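Numbering follows my numbering, in which position 613 of the sequence shown is assigned residue number 731; successive positions increment by one, without gaps.
Virtual Cβ for every residue (Gly too), placed ideally from N, Cα, C.
Keep in mind it's a predicted model, so treat the numbers as computed, not measured.
A quick write-up on the structure given underneath.
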Amino acid sequence: MAADIKRIAALIAGEIGAKPDQAAAAIGLLDEGATVPFIARYRKEVTGGLDDSQLRLLAERLIYMRELDARRDTILESIRGQGKLTDELAEKIAAVATKSELEDIYLPYKPKRRTRAEIARERGLGPLAEAILADRSAVPAELAAGYLTDDVPDVKTALDGARDIIAESFAENAELLGRLRNYMKDKAFLRARVIDGKQEAGAKFSDYFDHVERWATVPSHRALAMLRGRNEDVLTLDIEVDADDASAVKPVERMIRETYAIGKQGAGDEWLAEVVGWTWRVKLTLSLSLDLMRELRERAEDEAIRVFARNLKDLLLAAPAGSRATMGLDPGIRTGVKVAVVDQTGKLLDTTTVYPFPPRNDVRGTQAELATLIVKHRIELIAIGNGTGSRETERLVADMLSQMPSPKPLKVIVSEAGASVYSASETAAAEFPNLDVSLRGAVSIARRLQDPLAELVKIEPKSIGVGQYQHDVDQYRLGRSLEGVVEDAVNAVGVDLNTASAALLARVSGLGSSLAEAIVAHRDATGPFASRQELLKVSRLGQRTFEQCAGFLRIPNGSEPLDASAVHPEAYGVAKKIVAACGRDVRSLMGDSAALKGLDPRLFVDDRFGLPTVRDIIAELDKPGRDPRPEFKTATFAEGVDDIKDLKPGMVLEGTVTNVAAFGAFVDIGVHQDGLVHVSQLADRFVRHAHEVVKAGDVVKVRVVEVDIKRKRIGLTMRKHDDGGAGRPEQRGDRSQPRMSPGRPPQRSDGGRGREQQQGAFGAAFAEALKRKR
Numbered sequence: 119m120a121a122d123i124k125r126i127a128a129l130i131a132g133e134i135g136a137k138p139d140q141a142a143a144a145i146g147l148l149d150e151g152a153t154v155p156f157i158a159r160y161r162k163e164v165t166g167g168l169d170d171s172q173l174r175l176l177a178e179r180l181i182y183m184r185e186l187d188a189r190r191d192t193i194l195e196s197i198r199g200q201g202k203l204t205d206e207l208a209e210k211i212a213a214v215a216t217k218s219e220l221e222d223i224y225l226p227y228k229p230k231r232r233t234r235a236e237i238a239r240e241r242g243l244g245p246l247a248e249a250i251l252a253d254r255s256a257v258p259a260e261l262a263a264g265y266l267t268d269d270v271p272d273v274k275t276a277l278d279g280a281r282d283i284i285a286e287s288f289a290e291n292a293e294l295l296g297r298l299r300n301y302m303k304d305k306a307f308l309r310a311r312v313i314d315g316k317q318e319a320g321a322k323f324s325d326y327f328d329h330v331e332r333w334a335t336v337p338s339h340r341a342l343a344m345l346r347g348r349n350e351d352v353l354t355l356d357i358e359v360d361a362d363d364a365s366a367v368k369p370v371e372r373m374i375r376e377t378y379a380i381g382k383q384g385a386g387d388e389w390l391a392e393v394v395g396w397t398w399r400v401k402l403t404l405s406l407s408l409d410l411m412r413e414l415r416e417r418a419e420d421e422a423i424r425v426f427a428r429n430l431k432d433l434l435l436a437a438p439a440g441s442r443a444t445m446g447l448d449p450g451i452r453t454g455v456k457v458a459v460v461d462q463t464g465k466l467l468d469t470t471t472v473y474p475f476p477p478r479n480d481v482r483g484t485q486a487e488l489a490t491l492i493v494k495h496r497i498e499l500i501a502i503g504n505g506t507g508s509r510e511t512e513r514l515v516a517d518m519l520s521q522m523p524s525p526k527p528l529k530v531i532v533s534e535a536g537a538s539v540y541s542a543s544e545t546a547a548a549e550f551p552n553l554d555v556s557l558r559g560a561v562s563i564a565r566r567l568q569d570p571l572a573e574l575v576k577i578e579p580k581s582i583g584v585g586q587y588q589h590d591v592d593q594y595r596l597g598r599s600l601e602g603v604v605e606d607a608v609n610a611v612g613v614d615l616n617t618a619s620a621a622l623l624a625r626v627s628g629l630g631s632s633l634a635e636a637i638v639a640h641r642d643a644t645g646p647f648a649s650r651q652e653l654l655k656v657s658r659l660g661q662r663t664f665e666q667c668a669g670f671l672r673i674p675n676g677s678e679p680l681d682a683s684a685v686h687p688e689a690y691g692v693a694k695k696i697v698a699a700c701g702r703d704v705r706s707l708m709g710d711s712a713a714l715k716g717l718d719p720r721l722f723v724d725d726r727f728g729l730p731t732v733r734d735i736i737a738e739l740d741k742p743g744r745d746p747r748p749e750f751k752t753a754t755f756a757e758g759v760d761d762i763k764d765l766k767p768g769m770v771l772e773g774t775v776t777n778v779a780a781f782g783a784f785v786d787i788g789v790h791q792d793g794l795v796h797v798s799q800l801a802d803r804f805v806r807h808a809h810e811v812v813k814a815g816d817v818v819k820v821r822v823v824e825v826d827i828k829r830k831r832i833g834l835t836m837r838k839h840d841d842g843g844a845g846r847p848e849q850r851g852d853r854s855q856p857r858m859s860p861g862r863p864p865q866r867s868d869g870g871r872g873r874e875q876q877q878g879a880f881g882a883a884f885a886e887a888l889k890r891k892r
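In C-alpha cells:
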C-alpha cells in the first residue's frame, strides 16, 4: 500500500505543481478521512502548504489513478487466466499511465464475440497470413492455393480470411494505435453538417450547418453545442484526417506500412498495401474516430464543469447584505406577487400575496400593504426576484418608496434561480410545513439577499444554473465537482454554530447531514453552545469528527474567546502563548494589529506547529473570524429600459455579470434577457479567458453593440472608447466603489436550457460579427 501511494504521488505531484512527498502526505491524510478544507487550513506543515485548489485536483486525480490501477489488476488477471501473461507484457501493462493506453494493450486479449479473423483461424488460414507476411516475394494467390478445403472453396475466400487475420493484428497493435491516435489528434478536423430537411427545426444550431475546425482546438462550448445538435438529430459530426492530402498513399496508411515494413519489392507487399488501405477504411477510421469523439466530449465536459464550478464559487461567495430585516418579493403577474418578511436572523415574521397586475390591478392596495409591512417590521432591505414581472414589481416598489419618509429600505433585484426547487424540497417542507409552496420561494429570495451562501446551500448545486451545457455533461462528475465547491466555500467563510441551519452545518468539514441534524437537535434541546468543546456532547460526534469540524465552527461571545476565530482548538496552547507574550487579555488583544505586528512568529514554533500555523494564528487574532467575502454593493438598472425592445445600439448601461464562460460573459441589464460581452470585447487588451476580467456578481458598465429582437440576442462591449462610455468592472476589494448586488445567475424560463442554447448557437457567429465591427 505504501509503495502504491509513493508511486501514485510521484505521478500526481507534477500535475499539481508539488513535490512527491507533499502529494504522498496529502494522499495519506485523505485516506485517513481528512477533508480537503481541513488539510488545506490545518495541516500546512504536513503537506508543505498545498492549497485547496491543488488538493481538489489531487483528490480527483487520485480517484482516476486508483480506477486505473483497479482496471490494470482486472486485465492482468484476465490475461493470466488465458495463460498468455509474459514478464514483458506485465511490465508494459504496469508502465501505462492512461486508461486508453491500457485498453489498447488489452485489445488482443479481450474476450469478444467470434470475429471474422477468429473464423478464418478456425478454418486453418492463420499459417497463410503468416506466410504472406514472412515472404513478400511470394505471390499471395499462389500461397493461398495450398489452403483450400471444404470450408475454403477458392483462393479468394482464402485471401479474404488471411486479410481478416492480418487486419485484426494491425488494429490490435497497441504501439501503432497510439501513434495513429496521436497523429489524428494533431491533424484531424471536426466537420459538422446539417441533416437535410432539419434546417428549420434545428435553426438554433445554424452556426454549425456547414462547419469545420481543427479537432485539437475546438472550444468546449462549441463542442458541446455540436454534440447536442447531433443528439437531437439535427447535425452529423465526422472526424476527418488527411482530407486535403492529394498523395496516393495517405500519411496514416504510410504509418501502418512502415510499422510492418511493407514496401514495393514483391507481390506480397502489393497485396499487403491493399490490406492496409482496407484496414484503415473499414476498421481503424471508425474506432479511432470514436476515440477522438469520446475524448472531445470528455475535454469539453472537463472545461464545462470547471466553468460551472468557478461561477458557482463566485455566486456562493457573493457579498452578503447582512443581518437586516428583509422583505422578499417573488413576482408574478396573474398569480400575484408573493411576499415574505424575515427578521435579521432570517426568521419568518409575516407573509402575504398582493395583486398589483392584471387582472386585478390592485396597485394602491398593494403599495399600502407593503408600506404597512415595512413600517411594522422596520424593513431595511427589499429583495425582488428576477423572474417574470421583476421589473414591473421593481417600478411599483420604487413608486411606493418615493412616497415614504426616510430612512427608506434599499431595494435589490436578486436571483431566484433554484428558489422553486427549494420551495418544493424536503428541506423547505421541514422548515415551513404549514406554509404554501409559493410563499416559501419569497422567503428564500429574502434570505439569499441577507446571506447568499447560507441559503444557496439548501439547493442542489446543479439547480442553481450558472453552468454551460450542464445537462449534457457527466452528471456524477459534475455533482462531485460542485459538492467540492460548496464545501470549500462554506468552510472558507466559517459557520456560526448557534444560528446555522442543518443544511449549512452539513457542509462543514467532517459533518454531513446526519450529524448536522444531531447538532441542531442538541441545540434545540439544551440551548446554544457555550463552547466548541460542548460539541463532544452531541450524539455520535466523536473526537475524530471534532478535529475535522471544530476550526470551521464559530461561537461569537462564547465562554472561550478563541471559539469566535478560525484558530483550531488543538492550537489554543500556541495562541495563548502569543497572548501571554503580549502581556494582554485575549479579548483585548484580538483586533489589535499594532501589537500583533511586532511579534516574531518564529518564537512560537514548536515540534507540532510550524511557522505557517503560527502565522495563521496571528492573522486570526488580528482579524478574528474574518469573512473573505466582499462588501455588499448594488447595481442600478436604467429607468425606462425594461424590455429588449427598449435597447438601441450605443446605449451605455450598468449591469451585473450573471455567468462567465470561456468565450465571454453574460450580463443582466434589466431587460429579462442577458446580453453577451464576447471575450474580445471585455477589455482593450488581449483576453485569453473571460474570467481574467470578470466574475459572476461583478457590476460592469457596457455599451449596446447589437440587438436582435427576433432571436433575443444582445451584443455588448466593455471596451473603452473616446466617449468614455464603457468601463471595467468594479474591483472586488475597492471599498470606495458604489454598492453592488450579489452575483445573479441567468434567468431561466425553460428548465435551464435556454442559456445553453444561446451560448452554443450564438458563440461563433457573434464573435465573427463583433470582429467585423472592429
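Chain C contact for residue i (CB, 8 angstroms cutoff)
i: V732; result: Of the protein chains in this structure there is only one, and it is not chain C.
Spatial distance of residue i from residue j (CA atoms)
i: K305; j: L514; result: 60 angstroms
i: S649; j: L659; result: 15 angstroms
i: D764; j: A624; result: 46 angstroms
i: F426; j: A712; result: 42 angstroms
i: R346; j: R733; result: 51 angstroms
i: Q485; j: D786; result: 27 angstroms
i: D852; j: A439; result: Confidence at D852 is low in this model, with a pLDDT of 34, below 50, so its placement is unreliable and the value that follows should be read with caution. Taking the straight line joining both Cα atoms gives about 17 angstroms.
i: A668; j: A699; result: 25 angstroms
i: P579; j: G536; result: 9 angstroms
i: D745; j: G464; result: 19 angstroms
i: A127; j: D187; result: 13 angstroms
i: A436; j: L402; result: 51 angstroms
i: A136; j: T216; result: 21 angstroms
i: P730; j: G166; result: 9 angstroms
i: P679; j: R705; result: 6 angstroms
i: V811; j: L596; result: 25 angstroms
i: T776; j: S581; result: 15 angstroms
i: L557; j: T469; result: 7 angstroms
Identity of the residue in the options nearest residue i by Cα
i: D139; options: E163, A560, R159, A634; result: E163
i: L261; options: D268, D269, A252; result: A252
i: E331; options: G315, N349, S324, E358; result: E358
i: Y160; options: A779, R747, V697, A684; result: A684
i: D816; options: F784, E388, E371, G381; result: F784
i: L771; options: I832, E749, A808, T731; result: I832
i: Y326; options: L355, E371, I157; result: L355
i: Q586; options: A343, L433, D351; result: A343
i: V789; options: A158, E757, A636, V154; result: E757
i: G768; options: R837, T774, I380, G384; result: R837
For residue i, three-class secondary structure by DSSP
i: A131; result: helix
i: L207; result: helix
i: K322; result: helix
i: T794; result: The identity of residue 794 in the sequence shown is Leu, whereas the question assumes Thr. L794 falls in the strand class under three-state DSSP.
i: M445; result: strand
i: T776; result: strand
i: V697; result: helix
i: R672; result: strand
i: T469; result: strand
i: A422; result: helix
i: L800; result: coil
i: E688; result: helix
i: G782; result: strand
i: G329; result: At residue 329 the sequence reads His, which differs from the Gly that was named. In the structure shown, H329 sits in a strand (DSSP, three-state: E or B).
Worksheet entry | the segment 227-243 contacting the segment 194-212, beta-carbon criterion three pairs below 8 angstroms | yes
Item to complete: Within the segment 548-619, note down every full beta strand (DSSP E) run reaching 3 residues or more, in order along the chain.
Response: none
Worksheet entry | Cβ contact check for the segment 409-426 and the segment 322-340: 3 or more pairs under 8 angstroms | yes
Worksheet item: If you scan the segment 192-276 from start to end, which runs of the alpha helix (DSSP H) of 4 or more residues do you find wholly inside it?
Response: 205-213, 217-224, 234-240, 244-252, 258-262
Worksheet item: Does the segment 305-317 come within contact of the segment 237-257, defined as at least 3 CB pairs closer than 8 angstroms?
Response: no
Worksheet entry | Every unbroken alpha helix (DSSP H) inside the segment 701-772 [4 residues or more] | 704-707, 711-715, 729-740
Item to complete: Mind listing, in chain order, the continuous alpha helix (DSSP H) runs of no fewer than 4 residues lying wholly within the segment 140-166?
Response: 154-160, 162-165
Worksheet item: Is the segment 525-535 touching the segment 497-504, taking contact as three or more C-beta pairs under 8 angstroms?
Response: yes
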